[in-house]
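Visitor: There's a structure below that I have some questions on.
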Amino acid sequence: MKRNDLQFFSRLDLFFIVTPIFIAFFIAAIPQASGKNGVVTVYISGELVYEQPLTRTATWVVKSDGEYLSTLVVDGSKEKVKLVDSNCPLKICERTGWVGIGGSIVCVPNKIVVKVEGKTKASEIDIVTW
Amino acid sequence: MRKADRKDVLKKRIVIQSIVFLTAILIFLAVALWMNFSRGSTAYVEKDEFVFGTLVRVVVSSEKRDPKAIADAMIQEMKRLESKFHPYHDGNSVIFKLNHATGPVTVDEETAFLISKSLYYSEITAGAFDPALGRLIKLWGFDSPDTKKRVPTSEEIAKALESSGYANVEIHSKEVSLKNHAWLDLGGIAKGYAVDQAVRLAKKIDENATGFVDAGGDIAIIGPKFGQFPWKIGIRDPRGGPQDIIGVVYLSEGAIATSGDYERYFEVDGVRYHHIFDSKTGYPARKSISATVIAEKLVDADALSTAAFVLGWSKIVEGFVGLGAQAMVIDAEGKIYKTKGFVAYEKE
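Here the protein sequences come in this chain order: A and B. Take the first sequence: its letters are residues 60 to 189, numbered as in the numbering used here. Take the second sequence: its letters are residues 271 to 618, numbered as in the numbering used here.
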C-alpha cells in the first residue's frame, strides 16, 4: 500500500473542509434581502381594518361605525401611501405626505395607524426621533 | 498487503471521508444560515397604543419571560401615569385636582418628585422649560388634539401669562401650591418619565430584556438590538418628509428626544403656530426648528429638548454636557449645532 493512500487528510480533503467554511462566511455576510413585498395595513384603535399589497393602486375610504374619518391612497407604481383627506382638526396625518416601506402615518384624534410593512435592509434605520 | 485488501481499505476510507465532509458542509451551512437569519428573527414583540396623545410603540424581546406580557405591562404603566398626570382630564388626575384646588394640596411622592424635577429644569434653563403654562396652552387650543386651534389676541395672551410660569409653583416636601390661578401642564416631561418607568418595569421583569420604546419620536432603549448591537436612530429632517433623515445616532442604552415645530402646528396667513411656547412672550418659540437631546433617562432628554428648542443654540444648551446630556440644535436658518460629545453617538 502506498503511503498516500492511507493518509487520512490529503490536500483534496482540506479543500473539501475549507470550501464549506468559506461558503458559510459568505452566506453569513450577505445582508438580508431587501425584497419589496410591501403590505399596507390600516388599524383603528389597534384593530386591523384593512390590508392590501403595496403594489396595487387603490383608494380606500376609512370609516368607523359609518362615520367618515379619512381617505387613503395607495400608489402602486411608486409603492407609497398617503392619507389625502381627514376630518381631524390639525391634519397632521395629511401633512405626513407619501410614505414607503418602513414608514407609517398616524392620526391621533381618529386613532388611525397606517403602516407600510415589508422587508428592509439590515443596515436601514431602526427608529426615528422627531 | 493484497490487492483486494487494499481496495477494501480505500472503499472504507472514501465512505468515512464522504460522511465527514458532508457532515462538515451541513454544519457550516446551518451555522451560516443561523448567523444570517437570526439577526432578523429574534422574537421581538411590537405593541402600539395611543398614550400621552401620541402613538407609543413598544418593541421588546425577552428569553426569560413572555415579551408580549412585558409589552402589555409597560403600556399599562404608561397609561397609569398618563391618567395620573393629565392636566385637563378629571378622573384620577392628580394634576387636574391641583389645577382646580383653591389652596395647598398634599401630593404623593411620585408627583412631588416630578414637579420638583420640572422646577429644577425650569430654574437651570431660565424658564425655557416651564411646567406651568397650562393656561397658555389651553388658550391656543393645544390642550387636546380635538380642540380648535386659534391665534389668541395679544390681550388674551397677556392675561394668560399673568397666570403662567414656574414662579407660581411652590412645593414644600409633598405640599404643592399654585399661585395666580396658574395651571400645571407636565406634558414636556411626564411622557419621558412614564417611558422611563415602563423601561424600569421591563428590566425588573427580565434584566436582560432588550428593545426600545418609541413614544412619538421620544425614544428610550430597553437593551441593545439582539442583545449586542446599538439601535440605529435617524434624526428627522425638520423640513423634509417623515422618512427624511438629517442625521443618525447609535444607542445601546439611554434615551433620545426631539422637539420640533413640524408636527403639532396650524397655519394662519402662511404663518406656522406650533405647540412649544416661549414662556416670556406667550407665543410659539422661534429660535430653532428642531432640538435633539441624548441623556441617560428620557425624563431628562424630554425636558432638555424642549428647553433647547425654546432657547436655540446658547451657552445654557452647551452647558447640558455638565448634566450628562448631549444636544443638537437646528436654528431657524437650518444651521446645525452640536455639543462636542454628540458626535460620539454618530459613530457605530
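Note that CB positions come from ideal geometry on N, CA and C, so glycine has one too.
1) Compare the C-alpha of A:Trp189 against each of B:Gly481, B:Ala468, B:Glu319, B:Thr528 and name the closest.
2) How about B:Ile407 and B:Phe547: do their beta carbons lie closer than 8 Å?
3) Please state the DSSP three-state secondary structure of B:Arg506.
4) Considering only residues of the same chain and omitting the five flanking positions on each side of B:Asp601, which have a CB-CB separation below 8 Å?
5) Compute the Euclidean distance between the alpha carbons of B:Lys419 and B:Ile340, then round it to the nearest angstrom.
6) If you compare alpha carbons, which of B:Ile385, B:Glu477, B:Thr551 is closest to B:Ser447?
7) So for B:Glu523, helix, strand or coil by DSSP?
8) In chain order, which alpha helix (DSSP H) runs of at least 4 residues are fully inside the stretch 576-610 of chain B?
9) Under the rule that 16 or more other beta-carbon atoms within 10 Å means buried, what is B:Lys449, buried or exposed?
10) Check for me: the alpha helix (DSSP H) holding B:Tyr463 runs from which residue to which?
11) To the nearest angstrom, report how far apart B:Lys502 and B:Gln513 are at their CA atoms.
12) Compare the C-beta of A:Val158 against all C-beta atoms of chain B and say whether one is closer than 8 Å.
13) Check whether the stretch 410-427 of chain B touches the stretch 142-150 of chain A, taking contact to mean three or more Cβ pairs, one atom from each stretch, closer than 8 Å.
14) Are there 16 or more other CB atoms within 10 angstroms of the CB of B:Asn438, so buried, or fewer, so exposed?
15) Report yes if the CB atom of B:Phe320 is closer than 8 Å to the CB atom of B:Ala464, and no otherwise.
16) Mapping DSSP to helix, strand and coil, what is B:Ala341?
17) Kindly indicate which three-state DSSP category B:Gly481 falls into: helix, strand or coil?
18) Buried or exposed for B:Lys585, going by 16 or more other Cβ atoms inside 10 Å?
19) Rounded to whole angstroms, what is the Cα-Cα separation between B:Leu521 and A:Leu107?
20) For the beta strand (DSSP E) containing B:Tyr535, name the first residue and the last one.
21) If you follow the alpha helix (DSSP H) that A:Cys152 is in, where does it begin and where does it stop?
22) Give a yes or no on whether the C-beta atoms belonging to B:Ala573 and B:Gly462 are separated by under 8 Å.
23) Would you kindly report the start and end of the unbroken alpha helix (DSSP H) that includes B:Tyr391?
24) For a test of the three-state rule: what should DSSP assign to B:Asp318, helix, strand or coil?
25) I'd like to know whether the C-beta of A:Leu236 is nearer than 8 Å to at least one C-beta of chain B.
26) Put B:Thr376 into one of helix, strand or coil per three-state DSSP.
27) Identify, in the order they occur along the chain, each residue of the same chain with its Cβ nearer than 7 Å to the Cβ of B:Ala313, setting aside the five sequence neighbours on each side.
28) Please report the distance separating the alpha-carbon of A:Glu176 from that of B:Lys495.
29) Check whether the stretch 376-390 of chain B touches the stretch 472-491 of chain B, taking contact to mean three or more Cβ pairs, one atom from each stretch, closer than 8 Å.
30) Just tell me which of B:Met598, B:Lys277, B:Val329 has its CA closest to the CA of B:Ala578.
31) Using the beta-carbon of each residue, which ones in chain A are nearer than 8 Å to B:Arg534?
32) Report the residues of the stretch 170-185 of chain A with a CB closer than 7 Å to any CB of chain B, ordered along the chain.
33) So is A:Val121 in contact with chain B if we call contact Cβ pairs under 8 Å?
34) Please tell me whether B:Leu454 and B:Pro374 are closer than 8 Å, where the distance is taken between their beta carbons.
35) Any heavy atom of the ligand SAH closer than 7 Å to the beta-carbon of B:His359?
Guide: Working from what's here:
1) Checking every option, the nearest Cα to that of A:Trp189 belongs to B:Thr528.
2) yes
3) strand
4) For B:Asp601, where only same-chain residues beyond five positions count, the Cβ hits under 8 Å are Lys557, Ser558, Ile559, Gly582, Trp583, Tyr607.
5) 38 Å
6) Checked all of B:Ile385, B:Glu477, B:Thr551; the closest Cα to B:Ser447 is B:Ile385.
7) coil
8) For the stretch 576-610 of chain B, whole alpha helix (DSSP H) runs of length 4 or above, ordered along the chain, are 585-588.
9) Classification for B:Lys449: exposed.
10) Boundaries of the alpha helix (DSSP H) harbouring B:Tyr463: 460-475, taken from the DSSP string.
11) 14 Å
12) Closer than 8 Å to some Cβ of chain B, the Cβ of A:Val158 qualifies, so yes.
13) yes
14) buried
15) Result no, Cβ atoms of B:Phe320 and B:Ala464 do not sit closer than 8 Å.
16) helix
17) strand
18) B:Lys585 should be labelled exposed.
19) 32 Å
20) Looking at the DSSP string, the run of the beta strand (DSSP E) that includes B:Tyr535 is 535-538.
21) 151-154
22) yes
23) Note, B:Tyr391: alpha helix (DSSP H), 379-394.
24) strand
25) The structure shown does not extend to residue 236 of chain A, since chain A spans only 60 to 189, so no value can be given for it.
26) strand
27) Ser331, Pro337
28) 19 Å
29) With the cut-off at 8 Å, the stretch 376-390 of chain B and the stretch 472-491 of chain B do not touch.
30) B:Met598
31) Using a Cβ-Cβ cut-off of 8 Å, B:Arg534 is close to Leu149, Ile151 of chain A, given in chain order.
32) Lys170, Val172, Ala181, Ile184, Asp185
33) No - not a single Cβ of chain B is within 8 Å of the one on A:Val121.
34) In this structure, B:Leu454 keeps its C-beta atom at 8 Å or more from the C-beta atom of B:Pro374.
35) As far as ligands go, the structure on display features none, and thus does not contain the ligand SAH.
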